[in-house]
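K.L.:
After the C-alpha cells below, expect a handful of questions from me.
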Amino acid sequence: MSAATIFGLCAAAAVGLGLYGLITNPQPLRKILAFNLLGSGVFLLFGVVARRGAAAGFGGDPVPQALVITGIVVAFSATALAVALLLRLFQASGSATLRTPASAGTDPADA
Amino acid sequence: MIPHPAPVLDAATSGGFLLVLAIVVPLASVLLAFAAGGRHVERIALGTMPFGLAIAAAIVVTMRQAGAPLVYLLGGWAPPLGLVLHADGLSAVMMAVTAVVIGAIGVFARADFTTPPGVIEARAPFAFWILLLVIWSALNTVFLAGDLFTLYVALELLTFAAVPLVSLDGRAETLQAALRYLMFALFGSVLYLAGTALLYGAYGTLDIVLLSQRVHAGPATLVAAALMTVGLLAKTALFPLHLWLPPAHAGAPAAGSAVLSALVVKGSFFIVVRLWFDVMPALPGFAATQLLAGLGAAAIVFGSVVALRQERLKLLIAYSTLAQIGYLFLMFPLAFSAGSALLESNGALTGGLLQAISHATAKAAMFMSAGLIYAALGHDRITALGGIARALPMSVLAFALGGIALIGVPPSGAYLAKELLLHAAAGTEQWWWVVVIQVGGIFTSGYLLLVLAHALAPADAPVTLRVPVSRIGEAAALALALCSLLLGLLPWQAYLPVPAGTASNPLTLEALSSALWPLLAGGVVAILLGRWGDRLARVPFAEVAVAWVGPARRAALALGRVLERADGTLRQWPAAGVSLLVVTIALGMAMLAGR
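Have a look at this one:
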C-alpha cells in the first residue's frame, strides 16, 4: 500500500467522521469541531493530490499546497466567527442550542 | 451578444483594469472606514457607491464597444499557473444590477443605520456599512473570477459578510439564526471545496476555460460536480436545503433582508450557472437537469403555500424568496439540447438570469417596504394591515409594483424571462415545465393579492404611526420596484443570448391580457389558502360565498397544514443534513445515468 493510498483513506475517514458529527450532533460547539474535522479531511485530500506533480520529476505539485494554506485560513476564520457567535448566543440566552423554535420566528414586538 | 465562455484567456484586454477596480474599490473603502472609524463609516460607504456604479457602468459600456469579454491577468501570469479575472455578458449584467441594488439599499438604510448624534461609534451602523461593502466586493469577485478556487474564496467572503447581517440587533433568536446559517453554509462550502480538490486531482487546473477544454465524464468528475453543485445549493437555499433562510429573515433588519434575499443567494446561484454552463456543459445530461428543476418545482409549491399561510409579512416575503429561488432552477432542463446533449447558452439561460435580476430588484423593494411598514406600525401581522395603504401609500405602492413585476406583468424583466423560458420549453417539447412556470406565476399573484387585500382594506381603528417614515427610504424602494417593472425594455441581446422572435414588444394588448389570467387564478388561490382573519365574513353575500368556497378552502387548508408540518420537519438540522447527502447522491446518480 503506497503512502498516497494511506493518506487518501485517512482523508476519507476524517471526512466521514466529520459528516457524521456535523449532521447528528445537536451541540453547536461539537458541530464546529466536526466541521473542522471534515475540513481537515478535505485538506488532506488536497495534500494527496499534490503528489501528482512527483510524476514529472518534482517532489510534488506546489499549487495544492498554496490552495490548502488558503483553505486553512478560510476555515480558521470561519471557526473564529462561529465560536464568537456561539459565545454571544450563550451570553444572550444562557443556553447554546440550534434547535428551531416552534415557529420560524417570533415577532420581536411580542417578546 | 458577447460570446461566452471567452475563447482564449492568455492576454489582458484593454479595460481589464476596470475588473480589478470593481473588486478593490469597495475593499479599499472598508480599510479606510476601519481607519477613520465612527460616524465617518456611513459617509465613506455612501461615497463609494457612485464610484462602484460608475465602474460597473464603465465595464458594461467598454464591453459593448469592444464586443468581447474583458480579461485581466493578475500579475501578468497566464493560466494554468496564474489567475485570471474575466467579465462576459453574464458578469456585466449581474455587476450592474448589484451596483444598482446596493446603491438603493444604501440610500434606504441611511434612516436605520445612522450613528446617533453625540455617540462616537455605534456598533450596528458601523458593522452594517462595512458588511455591505464587503458583500459588494465579494459579489463582484464571484462574477469576475476565472477559476474555481477564487470562486470558493469569494463565496466564503460573501457568507462571512452575510451572516452577521442576520444578527445585527444582537437578540438571542437572531444570533441563533446567524449560527444556523453559518454552520449550514460552511457545510455547503466544505462540499464545494472537496469537489475542487477532486477536479484538481483529475485535471491539474481549476481555471474555468482550461477545465472546460479538458473535462470528461470520469467518476472523479461526476462526484466533484455533484458535491460542488449541492454545496452551492445549500448556500442558495434551494428546497429542501433551506433550513437557514426563514429564521435568518425573521429577525434581520429590513436592509439586511434585502441584501440577503436579493443579492447573497444570487452569488452561489451564479456559481452554479458558471459550473454547469461554462465548466461542464456536457456533463449533467438530461436526468440531472430534470432533477435540479424538479427541486425547483418543489420549492415553488412548498415556498408559495407556506408563504400564503404566514402570519407575518416579512416571513411571507422570505418564503416567497424560497419559491422564487426554485423558479431560477427551471432554466436548466430548458437549456439542455437533446441533439448535442449539451447545456446550451441559449434563450433559457437568459430567461433564468433575467428572472434572477428581476427578483433581485423586486424583492429588495418588497423587503424595504415591508421594513417601513413594520417600523411605522410596530408589527407586520398581515391580517392587521388594514388602513396602511392610506397611511403609507408610497410604501404599499412600492410593494405592489415589486410584486406585479415578479408576477411577470409586461414590461417587467420577469415577463421577458417567462417569455424566454416558455419559448425554450416549446422548443425542447417539455410541456411539464410550462405548467410549473404558470403555476409559479399564479402562486406569486396569490400572495401579492392576499397582502394587498389586507393593506387596502379600511382600518378598524385609525392607524397611528409609531415613527415618522423616511421619505427617502420610500423613494428608494419605489425606484427599485419601478426598475424591476421596466427591466423588460432594456436591450439585453447585447449581453445575453436572446433568440430572434422572442423579444416581442411587451406593450401590446395581447401581452397585457396574457398577464391577466394568472392574476385571476392567483386571487382564487389567495381566497382558498390565505389567512383572512374576520375579513371574509364582512364581504357582502359572504354566506353564499362561504357555502360555495367552504369545502374547497377546508381541503386547501388541510394541504397547507401538511406542507407546513413537512417544512417544519425539513428545517430541523438532522433532516436538512440528511437531505443534503441524499440530494448529492441523487444528483451523482442522475449524472451517471445521463451519460
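Protein chains in written order, with this note's numbering: chain B, 259 to 369; chain V, 214 to 808.
In this text, a Cβ means the ideal position worked out from N, Cα and C, and glycines have one as well.
Given the structure is predicted, the values throughout are model-derived calculations rather than measurements.
#1: Flag this pair as yes or no: are the beta carbons of residue 404 of chain V and residue 431 of chain V separated by less than 7 Å?
#2: Compute the beta-carbon to beta-carbon distance between residue 672 of chain V and residue 599 of chain V, rounded to the nearest angstrom, for a pair I have assumed lies under 8 Å.
#3: Along chain B, which residues have their Cβ under 8 Å away from the Cβ of residue 483 of chain V?
#4: At a cut-off of 6 Å, is residue 299 of chain B close to the ligand HEM when judged by its beta-carbon and the heavy atoms of the ligand?
#5: Taking buried to mean at least 16 other C-beta atoms within 10 Å of its own C-beta, is residue 570 of chain V buried or exposed?
#6: Measure how close the beta-carbons of residue 234 of chain V and residue 283 of chain V come, nearest whole angstrom, since I'm counting them as under 8 Å.
#7: Under 7 Å, CB to CB, which of the residues in the region 326-354 of chain B have a partner in chain V?
#8: Just to confirm, is the Cβ distance from residue 567 of chain V to residue 302 of chain V under 7 Å?
#9: Taking Cβ-Cβ distances shorter than 8 Å, what residues in chain V pair up with residue 265 of chain B?
#10: Have a look at V:421, V:386 and V:382 and flag the residue whose alpha-carbon is nearest the alpha-carbon of residue 365 of chain V.
#11: Consult DSSP for residue 776 of chain V and reduce its assignment to one of helix, strand or coil.
#12: State the start and end residues of the unbroken beta strand (DSSP E) segment that holds residue 299 of chain V.
#13: Looking at chain V, which residues of the region 287-306 of chain B have a Cβ within less than 7 Å of any of its Cβ atoms?
#14: Once the 5 residues before and after residue 508 of chain V are set aside, which same chain residues still bring their CB inside 8 Å of it?
#15: Within this structure, are the beta carbons of residue 271 of chain B and residue 279 of chain B separated by less than 7 Å?
#16: Note down, in chain order, each residue of its chain lying with its Cβ closer than 6 Å to the Cβ of residue 616 of chain V, except the 5 sequence neighbours on either side.
#17: On the premise that residue 352 of chain V lies in contact with residue 409 of chain V, defined as a C-beta separation below 8 Å, what is that separation, rounded to the nearest angstrom?
#18: Whole-angstrom Cβ separation of residue 620 of chain V and residue 728 of chain V, contact assumed at under 8 Å?
#19: Any idea if residue 472 of chain V is buried or exposed, counting beta-carbon neighbours within 10 angstroms, 16 or more meaning buried?
#20: Taking the alpha-carbon of residue 744 of chain V as reference, which of V:313, V:792, V:328 and V:597 has the nearest alpha-carbon?
#21: Would you give the residue range spanned by the beta strand (DSSP E) that residue 284 of chain V belongs to?
#22: Spell out whether any CB of chain B is found under 7 Å from the CB atom of residue 393 of chain V.
#23: Check each residue of the region 519-544 of chain V: if its Cβ is closer than 7 Å to any Cβ of chain A, include it; give the result in chain order.
#24: For chain B, check one thing: does any of its Cβ atoms lie closer than 7 Å to the Cβ of residue 428 of chain V?
#25: If the cut is a Cβ gap below 8 Å, which residues of chain B does residue 406 of chain V touch?
#26: Below 9 Å on C-beta distance, what does residue 356 of chain B contact in chain V?
#27: Where DSSP assigns a beta bridge to residue 727 of chain V, which residues make up the other side?
#28: Buried or exposed for residue 363 of chain V, going by 16 or more other Cβ atoms inside 10 Å?
#29: Quick check on DSSP: helix, strand or coil for residue 339 of chain V?
#30: Near residue 269 of chain B, what residues of its chain come up, given a Cβ to Cβ distance below 6 Å and the 5 sequence neighbours on each side ignored?
#31: Taking a contact to mean a Cβ-Cβ separation below 7 Å, would you say residue 449 of chain V touches residue 482 of chain V in this structure?
#32: First and last residue of the alpha helix (DSSP H) that includes residue 642 of chain V?
#33: Do we get a CB-CB distance below 7 Å when we pair residue 280 of chain B with the residues of chain V?
#34: When you compare each of V:556, V:243, V:424 and V:249 to residue 359 of chain V by their alpha carbons, which one comes out closest?
#35: So which residues on chain B does residue 385 of chain V lean against when the C-beta distance must stay under 8 Å?
#36: Within the continuous alpha helix (DSSP H) that includes residue 393 of chain V, where are the two ends?
P.N.:
In this structure, then:
#1: The sequence position of residue 404 of chain V within the second sequence is 191, counting from 1. The sequence position of residue 431 of chain V within the second sequence is 218, counting from 1. The answer is no: Cβ separation not under 7 Å.
#2: For the purposes of this step, residue 672 of chain V is identified with residue 459 of the second sequence, where counting begins at 1. For the purposes of this step, residue 599 of chain V is identified with residue 386 of the second sequence, where counting begins at 1. Their Cβ separation, rounded to whole angstroms, is 5 Å, which keeps residue 672 of chain V and residue 599 of chain V in contact under 8 Å.
#3: The residue given as residue 483 of chain V occupies position 270 in the second sequence. Correct list: empty, because the minimum Cβ distance to chain B is about 19 Å.
#4: In the structure shown, the ligand HEM is absent, as is every other ligand, since no ligand is present at all.
#5: Counted from its first residue, the second sequence places residue 570 of chain V at position 357. The residue is buried, with at least 16 neighbouring Cβ atoms inside 10 Å.
#6: Taking the second sequence and counting its residues from 1, one reaches residue 234 of chain V at position 21. Taking the second sequence and counting its residues from 1, one reaches residue 283 of chain V at position 70. About 12 Å; that fails the 8 Å criterion.
#7: 328, 329, 332, 335, 336, 339, 340, 343, 344, 346, 347, 350 and 351
#8: On the second sequence, residue 567 of chain V is found 354 positions in, with the first residue counted as 1. On the second sequence, residue 302 of chain V is found 89 positions in, with the first residue counted as 1. No, these two residues do not count as a Cβ contact at 7 Å.
#9: Start at 1 with the first residue of the first sequence, and residue 265 of chain B comes out as number 7. Result: empty, since nearest Cβ-Cβ is about 12 Å, beyond 8 Å.
#10: In the second sequence, the residue the question calls residue 365 of chain V occupies position 152. Nearest of V:421, V:386 and V:382 to residue 365 of chain V, Cα basis: V:421.
#11: Against the second sequence, residue 776 of chain V aligns to sequence position 563. Residue 776 of chain V sits in a helix when the DSSP states are folded into three classes.
#12: Here residue 299 of chain V is taken as the residue at index 86 of the second sequence, counted from 1. Membership of residue 299 of chain V in the beta strand (DSSP E) is indicated by the continuous run 297-300.
#13: Correct list: 289, 293, 296, 297, 300, 303 and 304.
#14: As a position in the second sequence, residue 508 of chain V is number 295, starting the count at 1. Answer for residue 508 of chain V: 446, 451, 452, 453, 539, 542 and 796, listed in chain order.
#15: To locate residue 271 of chain B, count along the first sequence from 1; it is residue 13. To locate residue 279 of chain B, count along the first sequence from 1; it is residue 21. Not closer than 7 Å, so no.
#16: Taking the second sequence and counting its residues from 1, the one referred to as residue 616 of chain V is at position 403. Excluding residues within five positions, the ones whose Cβ falls inside 6 Å are 661.
#17: Reading the second sequence from its first residue, position 196 is the one you call residue 409 of chain V. Reading the second sequence from its first residue, position 139 is the one you call residue 352 of chain V. Contact flag wrong, Cβ pair sits at about 20 Å.
#18: Reading the second sequence from its first residue, position 407 is the one you call residue 620 of chain V. Reading the second sequence from its first residue, position 515 is the one you call residue 728 of chain V. With a Cβ gap of about 7 Å, residue 620 of chain V and residue 728 of chain V count as contacting.
#19: Mapped onto the second sequence, residue 472 of chain V falls at position 259. Residue 472 of chain V should be labelled buried.
#20: Taking the second sequence and counting its residues from 1, one reaches residue 744 of chain V at position 531. Just measuring C-alpha positions, the residue of V:313, V:792, V:328 and V:597 sitting nearest residue 744 of chain V is V:597.
#21: Within the second sequence, residue 284 of chain V is the residue found at index 71, counting from 1. In this chain, the beta strand (DSSP E) harbouring residue 284 of chain V covers 283-286.
#22: The residue labelled residue 393 of chain V in the question sits at position 180 within the second sequence. At least one beta carbon of chain B lies nearer than 7 Å to the beta carbon of residue 393 of chain V.
#23: Any reference to chain A falls outside this structure, whose protein chains are B and V.
#24: As a working note, residue 428 of chain V is residue 215 in the second sequence. Judged by the 7 Å Cβ criterion, residue 428 of chain V is not in contact with chain B.
#25: The sequence position of residue 406 of chain V within the second sequence is 193, counting from 1. Within 8 Å of the CB of residue 406 of chain V, the CB atoms of chain B belong to 297, 300 and 329, in sequence order along the chain.
#26: Here residue 356 of chain B refers to the residue found at position 98 of the first sequence. What residue 356 of chain B touches in chain V: 389, 392, 393, 396 and 786.
#27: Here residue 727 of chain V refers to the residue found at position 514 of the second sequence. Answer is none; residue 727 of chain V lacks a bridge partner.
#28: Within the second sequence, the letter at position 150 stands for residue 363 of chain V. Per the 10 Å Cβ criterion, buried.
#29: Within the second sequence, the letter at position 126 stands for residue 339 of chain V. It is helical.
#30: For this step, residue 269 of chain B is matched to residue 11 along the first sequence. These residues qualify, in order along the chain: 299, 302 and 303.
#31: For this step, residue 449 of chain V is matched to residue 236 along the second sequence. For this step, residue 482 of chain V is matched to residue 269 along the second sequence. Yes, the Cβ-Cβ distance between residue 449 of chain V and residue 482 of chain V is below 7 Å.
#32: Your numbering for residue 642 of chain V matches position 429 in the second sequence. Per DSSP, residue 642 of chain V belongs to no alpha helix (DSSP H) and is neither H nor E.
#33: Sequence index remark: in the first sequence, residue 280 of chain B carries index 22 (1-based). True, the Cβ-Cβ gap to chain V drops below 7 Å.
#34: Here residue 359 of chain V refers to the residue found at position 146 when the second sequence is read from its first residue. Each of V:556, V:243, V:424 and V:249 was checked against the Cα of residue 359 of chain V, and the nearest Cα belongs to V:424.
#35: Along the second sequence, read from residue 1 onward, the residue named residue 385 of chain V stands at position 172. Simply 347, 350 and 351.
#36: Here residue 393 of chain V is taken as the residue at index 180 of the second sequence, counted from 1. In the DSSP annotation of this structure, the continuous segment of the alpha helix (DSSP H) that includes residue 393 of chain V starts and ends at 385-416.
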